[in-house]
Structures are given as C-alpha cells and as structure tokens.
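A short write-up of the structure that comes next.
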Amino acid sequence: GAVVSQHPSRVICKSGTSVKIECRSLDFQATTMFWYRQFPKQSLMLMATSNEGSKATYEQGVEKDKFLINHASLTLSTLTVTSAHPEDSSFYICSASRAGGTDTQYFGPGTRLTVL
Amino acid sequence: EDKVVQSPLSLVVHEGDTVTLNCSYEVTNFRSLLWYKQEKKAPTFLFMLTSSGIEKKSGRLSSILDKKELSSILNITATQTGDSAIYLCAVDGADSWGKLQFGAGTQVVVTP
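Residue numbers (this note's numbering), protein chains in the order written: chain A, 4 to 119; chain B, -8 to 103.
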C-alpha cells in the first residue's frame, strides 16, 4: 500500500511554455501533498505544501505565480510550471501523506523536467 | 533557521562492511527524524524516529536517535551492492506541520 505516482516521468519543453505535472496517491487518500525540487547531487528542497481543497503554502523564495499548485481531490495534486525557462530544469518530486503533520510521507517517482 | 547536516557526504565500502551514517540537526520544537534511501528516483522511507535511545531495526539496517546530542545514526551491516544509494535524513519540526527539512544526503557506494 501507499503508492504515489507521478506523470509524466520525463518531459522536455521549449522555453516559454507551461508544463503540468500530476501527483496521484493510488491506494490511499492524501490530505496533504508536498512538492519538492531536487537539483543534481543536491538534496530535496521543499517548494510548497498543499492541503486538499485549500490554497497551497509556498516556501520562501518560491514564486507562487510561476509554480501553480492545485490539490483538487484527496488523490490528486498538480504542479504547473508556467512560462518555463532553462533554469527551471530540475527533478520535481511529490509526496503524499494521509493526515499531514507527522504522518509518513510517501514519495512519487519524480518528474525530470528539461526546458530547452 | 532549521538545519540538517549529514556526514560523511560520500563513502565507498566493500561488500560485507558495516557503514555508519550520521545526521545532526537544529530545529525548533523537534517532532521526528526520518531516514530515506534514494536510488535513481524517489526516496523510499526507512525509519521514523521520535524517541531518544530506542533503536529501530529493519533487516540489516538500524537507526537510533539521540535527542540530547541532536543527532541520529543509521547503520547498515553486512553491506551489499544493492545498498548503494543516497541516504537522506530529514527532520520534522513542530512549527512546520509535516514540512521536512532534508540534509544533503550521504552517497554510499558498495563495491563487490
């Protein structure tokens, strides 16, 4: 149990376009989902926390208008990178937890975004 | 500001060796410390530690938390090549409600 999927696993796009990444909890309902970004050989950096049905909470330095997060249901959260630029190229990972707080986070397999 | 520091940053061992990884933290109102294993893709959960001095064990992996020293260690005994991965430590502080602060990770390479 506790499987999280992400789609797509890999995406290449042109500069200026928008890209949507989906995160789904397949066998449980996730009250809270988290979005992380990981640069090569670096650790995961939390971008934002989203709770189902409410606005996401963004970490300092993360542009909310650039990284649009929607958590429309208990099994789906989306991250849209708007007007992507090469510096947005990164590995984006989501995690989901049933209850948030100290509940275990289960990570998705990540999405590799390359912006040309 | 919350901080999580892991050491060493990387190490190479031979199969059968024992590995000890360290994680130290500074966090407001500590709630839990978690260990993850990251191979090519997403981190997979290993342990969650909340109480000091109680060892958690899973097969050849074990971990313990020392709240007095603000640190944790992760041990891997009788290492195998499949243990090669980045091991991430993360801390959950009470003010952050589930937001994990990750360390930079320790890259472990196990050679045959």
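Just so it is clear, CB atoms sit at the ideal spot from N, CA and C, and this is done for glycine as well.
- Query: Are three or more beta carbon pairs between the region 78 to 92 of chain A and the region 13 to 22 of chain A nearer than 8 Å?
  - Reply: yes
- Task: Out of B:Lys90, B:Ala95 and B:Lys28, point me to the one whose CA is closest to asparagine 66 of chain B's CA.
- Result: B:Lys28
- Where arginine 13 of chain A falls, given that 16 or more other Cβ within 10 Å makes a residue buried: exposed
- Message: Please confirm whether lysine 90 of chain B has its beta-carbon closer than 8 Å to some beta-carbon of chain A.
- Response: yes
- Counting only beta-carbon atoms, is leucine 79 of chain B nearer than 8 Å to chain A? yes
- Taking phenylalanine 93 of chain B as the query, report the chain A residues whose CB atoms sit under 7 Å from its CB, ordered along the chain. Simply Ser46 and Leu47.
- Go through its chain and collect everything with a Cβ distance to valine -4 of chain B's Cβ below 7 Å, but skip five positions before and after it. Ser15 and Gly94
- Query: How is the beta strand (DSSP E) around valine 10 of chain B delimited, first residue to last?
  - Reply: Unbroken beta strand (DSSP E) run through valine 10 of chain B: 10 to 17.
- Message: Would glutamine 41 of chain A and cysteine 26 of chain A qualify as a contact pair, given that the criterion is a beta-carbon distance under 8 Å?
- Response: no
- Item | Interface residues of chain B facing proline 112 of chain A [CB-CB closer than 7 Å] | Those within 7 Å of proline 112 of chain A in chain B are Lys32 and Ala33.
- Query: Going straight from the alpha carbon of threonine 72 of chain B to that of tyrosine 95 of chain A, what length do you get?
  - Reply: 27 Å
- Task: Determine which residues share a DSSP beta bridge with glycine 94 of chain B and list them.
- Result: The partner list for glycine 94 of chain B (beta bridge, DSSP) is empty, contrary to what the question assumes.
- Message: Which complete alpha helix (DSSP H) runs does the region 20 to 45 of chain A hold, if anything under 4 residues is left out?
- Response: none
- Message: So that I know if they touch, is there some Cβ in chain A lying closer than 8 Å to that of phenylalanine 36 of chain B?
- Response: yes
- Unbroken stretches of the beta strand (DSSP E), 3 residues or longer, contained in the region 31 to 93 of chain B: 34 to 40, 47 to 49, 52 to 57, 62 to 67, 76 to 84 and 91 to 93
- Item | Residue of B:Lys32, B:Val100, B:Thr35 and B:Val82 minimising C-alpha distance to threonine 19 of chain B | B:Val82
- 3-residue-minimum beta strand (DSSP E) runs that sit fully inside the region 56 to 108 of chain A, ordered along the chain: 70 to 76, 79 to 84 and 93 to 100
- Does DSSP classify serine 54 of chain A as helix, strand or coil? Note that residue 54 of chain A is asparagine in the sequence shown here, rather than serine. The answer is strand: DSSP assigns asparagine 54 of chain A an E or B state.
- Give the single residue among A:Val6, A:Phe70, A:Asp91 and A:Pro11 whose Cα lies nearest to the Cα of serine 53 of chain A. A:Phe70
- If we cut at 8 Å on Cβ distances, does leucine 52 of chain A have a partner in chain B? Strictly speaking, residue 52 of chain A in this sequence is threonine, with leucine absent from that position. With 8 Å as the cut-off, threonine 52 of chain A counts as an interface residue toward chain B.
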